[in-house]
Each structure stands twice: as C-alpha cells, then as structure tokens.
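Novice:
There are 2 protein chains.
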Amino acid sequence: MRFRKWGIALSNNFAKKVRIFDTTLRDGEQTPGVALTPEQKLKIAKKLDELGVNAIEAGFAAATKGEFEAVKMIAKENLRAEIFSFARGTKEDIDAVIESGASSVFLVIPSSETHIKYKLKKTQDQILELAEECIQYAKDHGLKVEFGAEDATRSETSFLKELIARSVDAGADIVAPCDTVGILTPESAYAFFSDLIKDFPNIAFSVHCHDDFGMAVANSIAALRAGAQEVHVTINGIGERAGNAALEEVAVALKLLYGVDTSINLDKLYEASLLVSRLTGVLVQPNKAIVGENAFTHESGIHAHAVLNNPLTYEPIPPELVGRTRRLVVGKHAGSKGIKAVLNEMGIYPDEEQLKKIFSRVKMLGDKGKKVTDTDLEAIAETVMNMPRHRPFKLKELTVVTGNRVTPTASVKLDVKGETVVGAATGVGPVDAAINAVRNAVQMVEPIRLDEYHVKSISGGTDAIVEVMVRLSKVDRTTTALGIHEDIVMASVEAMLSGINYLLTRFGKENFSYEHA
Amino acid sequence: MRFRKWGIALSNNFAKKVRIFDTTLRDGEQTPGVALTPEQKLKIAKKLDELGVNAIEAGFAAATKGEFEAVKMIAKENLRAEIFSFARGTKEDIDAVIESGASSVFLVIPSSETHIKYKLKKTQDQILELAEECIQYAKDHGLKVEFGAEDATRSETSFLKELIARSVDAGADIVAPCDTVGILTPESAYAFFSDLIKDFPNIAFSVHCHDDFGMAVANSIAALRAGAQEVHVTINGIGERAGNAALEEVAVALKLLYGVDTSINLDKLYEASLLVSRLTGVLVQPNKAIVGENAFTHESGIHAHAVLNNPLTYEPIPPELVGRTRRLVVGKHAGSKGIKAVLNEMGIYPDEEQLKKIFSRVKMLGDKGKKVTDTDLEAIAETVMNMPRHRPFKLKELTVVTGNRVTPTASVKLDVKGETVVGAATGVGPVDAAINAVRNAVQMVEPIRLDEYHVKSISGGTDAIVEVMVRLSKVDRTTTALGIHEDIVMASVEAMLSGINYLLTRFGKENFSYEHA
C-alpha cells in the first residue's frame, strides 16, 4: 500500500475478515424527515446486497405496519446478506422480529446511567435481568442475536462488563457497545475496545459510531484496529442528528490506508449513494468524501494541470475504483493549461493568443462572482475565436398553463436549423411541464437525459433572479449549463436548451437533421 | 470534562494555545464552481474575525485582479486576525502579496517526488534553493512567512526534513507540512508530527488536512495532540475535492472531547456556517456535524421522549453552545409523547384517546413514505379533535398562463366564508403573477404585506419537492408560513394563504367580512 509509509503508532489487530453491517434502512431511516415505503426499502436492500455488505438491518419490525412489511419483504428476498431487524428489550418487539421472518435481531438495551434512569426508569439489576430474558427468548425462537448496549461509551465500566458477560451467557452471538452520542475519539475508541477485548477475548464485538464531532469514521476504524470484528455503517453517513459512520468512507479507508479488505464491491459505491440520496431525499454535500459531487473534480489551475500530467498528484483515490470519473472544470482559479485541456475536449483548439484572451475573460467572470460552466466557456471561446455560433435549437415559442384545477401543461416550438419542431407535455408543475415539453421536442432528434436539476435558493421577492443549473447527458457525454432569469420556468428552459445545444453540436451526429415525424 | 473517561492511549502534547488558521477564503474558495466577489470575501472575513479565528487566509493575491482586490480590502480592514495571502514559489506571487498589504504569506512549495517531478519539473536541489530564495525575499520585504511543504505526507522523509531545516534557516516563522491529498490516518498523523517535532523541537508546526477519506478532523486533532501549534480549517469543511478539515468540528471536538480551548466563540459557529453556505452556494448536508440541519433535531420516538426528560440522553453537545436550538419533529418513528410535546407547543391539548388516533395517523403517513410537517400534524389534530378549522381563505381556483411570448398572468378565486373573491394580476413569471393575484384578491379584505419570499434550494429533478417560506405582515403583526409542493407556484400560493389565514384569524378583525366592491 503506497500510503502506509508513516507506520502506525499503535498495533493493528484487525480481524481477518471485517464484517460490514449496514443500517441505512434502520438508523439511517431514523434521519428526521425521512420515511421510506416497504418497496423503496426493498430496492435499497437489493442494492446493498449487490454492494456486498455482510448484514442488512432492514428496519424496526415492531414500529409500524409498514416497517414490519418491509422487514418481511426483505427477509423473503433470499439475499446473500444476513437480515436483521431492530428490537428494544420487550417481548412485543422481539415477537415482531420472529414473525417478520428475519434471521437475526439487533437487540438494544441501554447501559448508561443517564439512559437507564431517564429513559427506562429502571435499576441496573433490572437491566441485567431484562437483557438476559430478552436474549434467551430470542435465542429460544431461533434468532441470531446481536446485543447492543446503548450509550455504552458513557456507561460505568464495571456495569457494562457485567452486562456484556450476562448477555453472552444468555446466548448473544455478538456484542455492540454503542457510541450512541458520538463521543469517542480515535484514541478512546482504541482504548475502549482493547480493554473489552482483553477481558472478553472470545467474544465478537461490533462498533457503532455516530458523527456528532465529525469523527465517526476514524473512531470506527480505531475500534476495528483494536480487534472489533464488525462495523455498523450507513450509505452517505445518514442517520439521526449528524448521522452514522459512512459505509463508503470506512470501506475505502480500510482498503487504501490500512490494506484491509472487506466484502464491499467498491466500484458500486457511487450508484448506491445516488440511490439512497434519491429515495431518502437526504442530499449529499458536494464536498463529501468518495461520493460528493466534487470529490473527483478539479478546478484550480495548478491542480488541473498537474492532474493532467499525472493523476496521482492530486488524486489519492483512483475515481474508477469507486465507480466515478474525473471531472475538470474551469473557474476563476483555472490555469490556462487547464482551460486549454477542457476546450480541446470540446474539439476547440485556440492558438496561444486566443487562449490568453479566453483565459482573462474567465478570470474576469470569476472575480464578478460568476460560476463558469462548460457552456459559458464555449461561448467565450466562440466569441474570442470568431467561430460560428452553434445554436441549432432556438426557442421560438413557449406557453404554459397551470393552476390548481388544471393539469400543468406546456407546449414548445423550437427552431432547428430552419425547421420547426413542436413538443407538448404535462408535468407536476409549470417547470416540470415546460422541461418535459422541451425534452419531448428534442428527443425526435436525439435523446438527452436530464441527470440533475438544481435551483439555487431564491431570496428576496417573488421577482428575484433565479439561477437554474442542469446536468445533461447523452450516451457517455455530460455537460452542465446555467439559466438565469427572474422567471423560474424561463431560467429552466434556457439552461436546458443551452446544455442541449452544447451536447448536440460538440458530441452529436456530425450534421444531424430533423426528420418530420 | 465528562467525555474523557476512557483515557487517551497516546500522550497529549497539545500546545498551550492552539491557533486556528482559517482558509475558507482560499482553499475553501477553490471548491469547484465557487467564485466570491471581493465584497463577499470581505463580508466573510469580518464574520470570521467575530468568530475569533487567529489567522485568515484571504485569497491568492496573484491569481486574478479580483483576488488581489479582496486581499487588499481585507488587509485594510484592521481585523484582529492576522491576514495571509497564498503564494507559490515565484517572485511575482510574493510581490502580489507585498503589494496587497497582507502582513503574512502562506508560501507553498512542493516536497514530494510526484509533485516536484510532474508538476514543477524540477530537481530536489532546485526546490531547496527556490524555497530559500522565496522565503528570504518575502522576509526581506517584511512579510511573516508560513512555509507550506505541499504533499509533505507523501514525501521522502530525509528530503522533507532537509527542506524544513533550510526553510527555517531562511527565516520561515512556521511550517505546514501539508496532507495535500488527505492520506493521513490519526495514527500516522500523530507519528508524522511527533517525528518532526522530535527533530525540530524549536519550530512551530501547522497541520493542513484534506478529507478524501473522511478523516480530516481526526487527523488534524492527532497532529495537534502530537504538538502542532496551529490547524488549517474551513467553515463547513469546504475546499477542493472532499474539502478541508471543518472549523466547527475541530473547535468543538477540541473543547468538549479534549478540554482544549481555542479562541473560537463557539456560539457564532452556526451563523458563520449559514453565511458561507449562502455566499458560496455550497450546500451543507442535513447530517453534517454541528451545523447540519438535523444535527440537533430529534424525530425518532424513543429519542425525542428521552430528550424531553433529559437532553443529555441523546445530545452530546448542548445546542446553544454552538448557536443552535433543539428541534423536535414528528415522523413515522415518533412516539406519542414526542407528538404530544409538539402539539402542546402549538397550543393544542389532545386527551389520551385523541392522542392515540393522531399517533396512528402519523405512522400511517410515514409508512406511505410521506414526511410529516408541523402543519400536517396540526391538520391531523384538527380533524381528530374535531376542532374548528381556522381557514377563512380557501383556494377555489388558480389559473396561470406563462411563456416567452405571453405576459405571465394569473387569476385566483378564493372562498372567504362562503363569499367568492376574485383577483387577477401579471408578474415577471408564473410565481410572481400568482402571488400578485392572491394579494390582489386579499387586499379587498385587509392589506397584507409580503416582506420576504424564500425558496430552499431545489435538488434532484424538475419534480422535486419545493419548500417555500414567506414572511407576511399586517400592521405590526408578522408571521412566517411554509408551503410544500412539487409545483413551485402551488407551494408559493399555499404558503401565502396559510400565512394570511393565520394573520387574519389570530390578529384580524374579530369577525371580518368581505364587502362587495
């Protein structure tokens, strides 16, 4: 491994095979505002199985009818991964797991004074008995039991150890002393797990970290280094409050920084991230490791140039390893060599003098606080180089009708090299209808996919300027384009057409023409 | 400190005073797609100064005219923080810093073979000379010099140490061996810095980490534990690729987990985060530690209930410490006690039987994949409790026509206590027209002012859910209301009507009536 040269200060006691326990569908779904249907959960479970996780916590069977249904559907699917349901320390919760058909239960009972006193209003002795009873009951009914000690990292050490001993005597197969509020550090995680493993050398431990201080990934890995055999993770690190340890970060760091293999197919990480983000509605920030939009994007001039010479200069992770591709973008920090590379990719070859002019206009736009998209760069190059403007699609007419008693409907008339193309469509609102109408008109020429649609937050009045960004693709080519207008419908249509014109002229059929239908 | 009970496996050599070096305006602004104007940079710099950072890297003076202007404006502002500009190892870059009036330069020269060979195409000896010359030149012109060894963590140890020795001999005041591509781990960061500090006990070191593997915060803290005296951070962790170590996470973890004070006023963290997110356009994901929307939100039933009993159960960080407030939301995981608390806050007091019914309806909505907002909960409670619905204004009909060749026009028909009120208006787009039509209809009853209109950024597709917030006022009364719909026009009208209904029923004429015009 090329990144391990600085050695490791503490010894590494990684398990031979680190198990990945995914809780996207349980702890992840407890993200405020997230609610998945059983069908959506099944879709994510299948993706997790493809990804290669060892265990899937499918939900909390006793919580609602839908949750029960989801666990049942996923358990029936015969996935490779082991299927867990969450349960608290009650017979009803465990019964729901048994009925759901899940093979395994993640049974959670608090171990800290705060939780025992303020949440359960019980004594420590009652907790010991409760854990014992629940585990025995679950085992008697054929369940595999992972016992979770909630808030373990804030518990009295002697009581926690007693609870662990009793739970294993009662039949628990694996024990997760949870860092429920995310207060471990890498050092304390290592010390905590080392201490437990020393006292219980024959027990398999699992680590469950939350990200309240931004250290869930480092803490999880520290516990694995101490010898924990399993790690709880979620896709995109979603979960309550600041979320859980992110599956993608843990798996990639283990592989590249520690040389520890897991069963995860890393090249499927990005598609899993996109699916979870889409179905849960929880956005991934652009500067998120591995799966963020910018994780493999290079703008800054010096960097883009160096990456073109040798990707290793600024890429610790080969993008294809995690199912991604490198992206170069221009911007005010771009150097002239980076701009030249992007232009060349568009099939535009400026000479030195022209490149200088293009370069200085890009900088000027940046200083004004403007983003420079691919289409902006193209327009600048066309002007500087006096190139014919390739705008095959021009908007002639757009009409949209919408309201609460009318299906939002749009018609669009485009001029395509002198020919008129017409499209019409409905949508959930005027923007959706207008964009659908444009796509309807354009697809007669060539199919374009709208991959992403972003509107920057609008502030001020209802007549404020709206900034719409779209990402479009056509087979393997992608572009982003911007539309700016005080009318969100017009801004969206402008962005769409500008991107379509770019894709079709730069990467389209040499001389496409519109055939009357 | 209540979280330190597990002790620390390695010794802590924290500096007496850890310095916070903020690079939001330089490395942060190198985020692809971000471009700030000098005025915006100044605004952020002032906020950083209020926040209490020790140093502000204001930009890269030699990069563009705007960058130069920004550094100059910020340097002139007489902030408490020390003002840095970035420079590469060229006379031109350093001259720009001198001219800008910044007191200090962050001078970066590569130290790794990959960077020296593929980026600069130089030999190691040339690098040593270059560093020496540049540092001397900067010092001769009165600059304080922080010397950054780029890609230091992938450099040959012996060469790196030689470079550091030469840089200090030449006058460098502090040295930052940068983890340019984020490949440190907490253990290797600790070992790396311990080794350097052992060899150079009299040199002040700074740590600069990137988040490619999700460990920038843990790595930064590990370096500080080893004795580094300064840490490079950005607000919200923005920066190239996966970004830099997040200021808010480093500062709060140092304080609460390690008992190390910094000069940061923690209660200003949230407003700084909001400002940077708004001006850069880089979203913060909801599950982001400290500043994410959900970091202090509790939905899940058991949790919300416990938090009501004792916030410590699920809150490692008191929200007010970092300028935030606790938020309880309902959802499919919500317990009945959490729902009751939210309803009581609205002034609604259901009995046990009613609460049970409300509870089961909330669960049903959740199983269907629906978010449950406060207004949804209010509506459910009103139905179950058979409360009179205070909705004097009801939308009967809304029609909007828009397009590129038609003036956006809307008509609206409202039911006001059985009477029909009609309004019509034009606008710059369909939203503006619809809102104007509503105001036109309503003002016949009572004049309502629209003070603010805000749309949360929309991500996903053109059919994504849109969240509109309006602030309305009527003489001296103000309210905010939310509209959520997949159609931005409908979301806007809903928000508007819900706010109007609230203002008119709570603060309106006791029994207002509509007079025919």
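One line per chain: the protein sequences are A and B, in this order.
Start counting the first sequence at 1; every next residue gets the next number (the numbering used here).
Start counting the second sequence at 1001; every next residue gets the next number (the numbering used here).
Glycine included, each C-beta is placed from N, C-alpha and C at the ideal position.
Are the segment 1190 to 1197 of chain B and the segment 1215 to 1226 of chain B touching, with three or more C-beta to C-beta distances below 8 Å?
Specialist: Contact holds: three or more Cβ-Cβ distances are below 8 Å.
Novice: Could you give the uninterrupted runs of the beta strand (DSSP E) lying entirely in the segment 46 to 121 of chain A, keeping only those of 3 residues or more?
Specialist: DSSP runs (the beta strand (DSSP E)) wholly in the segment 46 to 121 of chain A: 55 to 57, 82 to 88 and 104 to 110.
Novice: Could you name the residues of the segment 397 to 421 of chain A whose beta carbon sits closer than 7 Å to any beta carbon of chain B, in the order they occur along the chain?
Specialist: The residues in question are GLU397, LEU398, THR399, VAL400, VAL401, THR402, GLY403, ASN404, ARG405, VAL406 and PRO408.
Novice: Opposite LEU328 (chain A) in the DSSP bridges: which residues?
Specialist: DSSP output for LEU328 (chain A) lists A:HIS298 as bridge partner(s).
Novice: Hey, how far is the Cα of LEU398 (chain A) from the Cα of GLU1486 (chain B)?
Specialist: Straight-line Cα distance between these residues: approximately 21 Å.
Novice: For my contact list, PHE21 (chain A) and ALA55 (chain A) are in at a C-beta cut-off of 8 Å; report their separation, rounded to the angstrom.
Specialist: That belief holds up - the Cβ atoms of PHE21 (chain A) and ALA55 (chain A) are roughly 4 Å apart, short of 8 Å.
Novice: Looking only at its chain, what residues have a beta carbon closer than 7 Å to the beta carbon of ALA960 (chain B), apart from the 5 residues adjacent to it on each side?
Specialist: Past the edges of chain B, shown from 1001 to 1517, lies residue 960 (chain B), and the structure says nothing about it.
Novice: Run the CB neighbour count on HIS141 (chain A), radius 10 Å, all protein chains shown included, and call it buried at 16 or more, exposed below.
Specialist: Under this definition HIS141 (chain A) is an exposed residue.
Novice: Comparing the CB of VAL34 (chain A) with every heavy atom of the ligand MG, is any distance shorter than 6 Å?
Specialist: Questions concerning the ligand MG fall outside what the structure shown contains, since it holds no ligand whatsoever.
Novice: What are the residues in the segment 1226 to 1260 of chain B lying within 7 Å of chain A by C-beta distance?
Specialist: Correct list: GLY1237, ILE1238, GLY1239, GLU1240, ARG1241, ALA1242, GLY1243, ALA1246, GLU1249, VAL1252, ALA1253 and LEU1257.
Novice: Take GLN1030 (chain B) as the anchor and find which of B:PRO1392, B:SER1263 and B:GLY1237 has the nearest alpha-carbon.
Specialist: Measuring from the Cα of GLN1030 (chain B), the nearest candidate turns out to be B:GLY1237.
Novice: Once you ignore the five residues that flank GLY1427 (chain B) on each side, which residues in its own chain have a CB closer than 6 Å to its CB?
Specialist: PRO1408, ALA1433 and ASN1436.
Novice: Tell me where the beta strand (DSSP E) around ALA35 (chain A) begins and ends.
Specialist: Here ALA35 (chain A) belongs to no beta strand (DSSP E), and DSSP marks it neither H nor E.
Novice: In whole angstroms, what is the alpha-carbon distance linking LEU1128 (chain B) and LEU1163 (chain B)?
Specialist: The straight-line gap from Cα to Cα measures roughly 6 Å.
Novice: Does any residue of chain A have a CB that is nearer than 7 Å to the CB of ILE1488 (chain B)?
Specialist: Yes, its Cβ sits closer than 7 Å to a Cβ of chain A.
Novice: Whole angstroms are fine: how far does the CA of SER167 (chain A) sit from the CA of GLU82 (chain A)?
Specialist: So the two alpha carbons sit approximately 21 Å from each other.
Novice: Taking Cβ-Cβ distances below 8 Å as the criterion, which residues of the segment 303 to 323 of chain A are in contact with chain B?
Specialist: Answer set for the segment 303 to 323 of chain A: HIS303, HIS305, ALA306, ASN309, ASN310, LEU312, THR313, TYR314, GLU315, PRO316 and ILE317.
Novice: Can you grab the Cα-Cα spacing for the pair ILE183 (chain A) / VAL1231 (chain B), in whole Å?
Specialist: Using only the alpha carbons, I get a separation of about 21 Å.
Novice: Is it the case that the segment 409 to 428 of chain A contacts the segment 446 to 459 of chain A, given that we only count it when at least three CB pairs across the two stretches are under 8 Å?
Specialist: In short, these stretches do not touch, since the Cβ pair count stays below three.
Novice: Which same chain residues, not among the five before or five after THR990 (chain B), have their C-beta less than 7 Å away from its C-beta?
Specialist: Since the first and last residues shown for chain B are 1001 and 1517, residue 990 (chain B) lies out of range.
Novice: Let me know if ARG19 (chain A) comes out buried or exposed under the rule of 16 or more other beta-carbons within 10 Å of its beta-carbon.
Specialist: Per the 10 Å Cβ criterion, buried.
Novice: Can you give me the C-alpha to C-alpha distance between PRO430 (chain A) and VAL468 (chain A), rounded to a whole angstrom?
Specialist: Looking at the two C-alpha atoms, the distance is approximately 15 Å.
Novice: Examine the Cβ distances between the segment 1343 to 1352 of chain B and the segment 154 to 163 of chain A and report whether three or more of them are shorter than 8 Å.
Specialist: No: fewer than three Cβ pairs fall under 8 Å.
Novice: Enumerate, from N- to C-terminal direction, the unbroken alpha helix (DSSP H) stretches of 4 or more residues contained entirely within the segment 1379 to 1425 of chain B.
Specialist: Runs of the alpha helix (DSSP H) inside the segment 1379 to 1425 of chain B: none found.
Novice: Put PRO1311 (chain B) into one of helix, strand or coil per three-state DSSP.
Specialist: In this structure, PRO1311 (chain B) counts as helix in the three-state DSSP scheme.
Novice: What are the boundary residues of the beta strand (DSSP E) that includes PRO177 (chain A)?
Specialist: First-last of the beta strand (DSSP E) with PRO177 (chain A): 174 to 177.
Novice: Pop quiz: GLY89 (chain A) and ILE109 (chain A) are said to be a contact at Cβ under 8 Å. What is the actual Cβ separation, rounded to whole angstroms?
Specialist: Contact flag correct, Cβ pair sits at about 4 Å.
Novice: Mark PRO1201 (chain B) as exposed unless 16 or more other C-beta atoms lie within 10 angstroms of its C-beta, in which case mark it buried.
Specialist: Looking at its Cβ environment, which holds fewer than 16 other Cβ atoms inside 10 Å, PRO1201 (chain B) is exposed.
Novice: Check the DSSP bridge columns for LEU482 (chain A) and list the partner residues they point to.
Specialist: Per DSSP, A:MET469.
Novice: Should LYS16 (chain A) be labelled buried (16 or more other beta-carbon atoms within 10 Å of its own) or exposed?
Specialist: It is exposed - the Cβ of LYS16 (chain A) has fewer than 16 other Cβ atoms within 10 Å.
Novice: Below 8 Å CB to CB, which residues in the same chain sit around VAL1493 (chain B) once its five sequence neighbours on both sides are set aside?
Specialist: Correct list, in chain order: LEU1395, LEU1398, VAL1412, ALA1434, ILE1435, VAL1438 and GLY1483.
Novice: So, for ALA1165 (chain B): in the same chain, excluding its five sequence neighbours on each side, which residues have a beta-carbon less than 8 Å away from its beta-carbon?
Specialist: Correct list, in chain order: PHE1200.
Novice: Taking LYS1363 (chain B) as part of the beta strand (DSSP E), name the residues at either end of that continuous run.
Specialist: Element bounds for LYS1363 (chain B): not the beta strand (DSSP E) but the alpha helix (DSSP H), 1352 to 1367.
Novice: Which whole-angstrom value describes the C-beta separation of VAL217 (chain A) and ALA170 (chain A), a residue pair presumed to lie in contact below a C-beta threshold of 8 Å?
Specialist: Actually they do not touch by this definition, with Cβ atoms about 32 Å apart.
Novice: Just to confirm my understanding: we take GLU1092 (chain B), look at its own chain, exclude 5 residues before and 5 after, and list those with CB closer than 7 Å. What are they?
Specialist: Excluding residues within five positions, the ones whose Cβ falls inside 7 Å are ALA1062.
Novice: Using a cut-off of 7 Å between C-beta atoms, extract the partners of MET215 (chain A) located in chain B.
Specialist: Within 7 Å Cβ-Cβ: VAL1217, ALA1218 and ALA1253.
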